[in-house]
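Following: one structure in structure tokens, then a few remarks.
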Amino acid sequence: MNEPERHGFELHELPDRGDGRGAAFFFDAGTIAWLGHVAELHVVAIAPGKARGNHLHRERKEIVFVHYEGSVDVAWREPGADEAGTVQFSGTGGFVARIGPGTLHAFRNSGTGFVEVVSLSNGRFDPSETHYETLLT
């Protein structure tokens, strides 16, 4: 996949370094450094046909790791952009998204199994700095 290099949103496929016990994915040092520090971490699943995200954070950076078996749709709109970007991952794998402040983002499970998501942020959740807008349903 041709990975977009953007100010507000970057996607990077991660190689599966797992073995017979299961999958294993490792973040690169640049992604960890980009976030700065971790103030919040949450783990969620996305059921088939459902979406998560559809929001932006005005101040916070976020790193989202997605592990999928099937397919997952990703959509984002960077600050000041008129159009949203989209990409679909299919098969089995994992990717990490670096999401800058003000970037609207969403993930939809378009497959039949669950999609696992781990999100790290450099700030705690605050409803006053989160704006909701639908990219994916």
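FYI, the working numbering numbers position 84 of the sequence shown as 1308, with every residue one higher than the one before it.
Note that beta-carbon positions come from the ideal geometry of N, C-alpha and C, so glycine has one too.
Could you check the C-alpha separation between proline 1325 and aspartate 1350 for me, to the nearest Å? 13 Å
C-beta contact flag for asparagine 1346 and valine 1296 at 8 Å: no
Among Gly1315, Arg1322, Glu1293, whose alpha-carbon lies nearest the alpha-carbon of alanine 1299? Arg1322
What are the residues that DSSP puts in a beta bridge with phenylalanine 1233? Ile1323
Does DSSP put threonine 1216 in a helix, a strand or coil? Outside the shown range of the chain (1225 to 1361) lies residue 1216, about which nothing can therefore be said.
Tell me whether glutamate 1283 sits in a helix, a strand or coil according to DSSP, three-state version. coil
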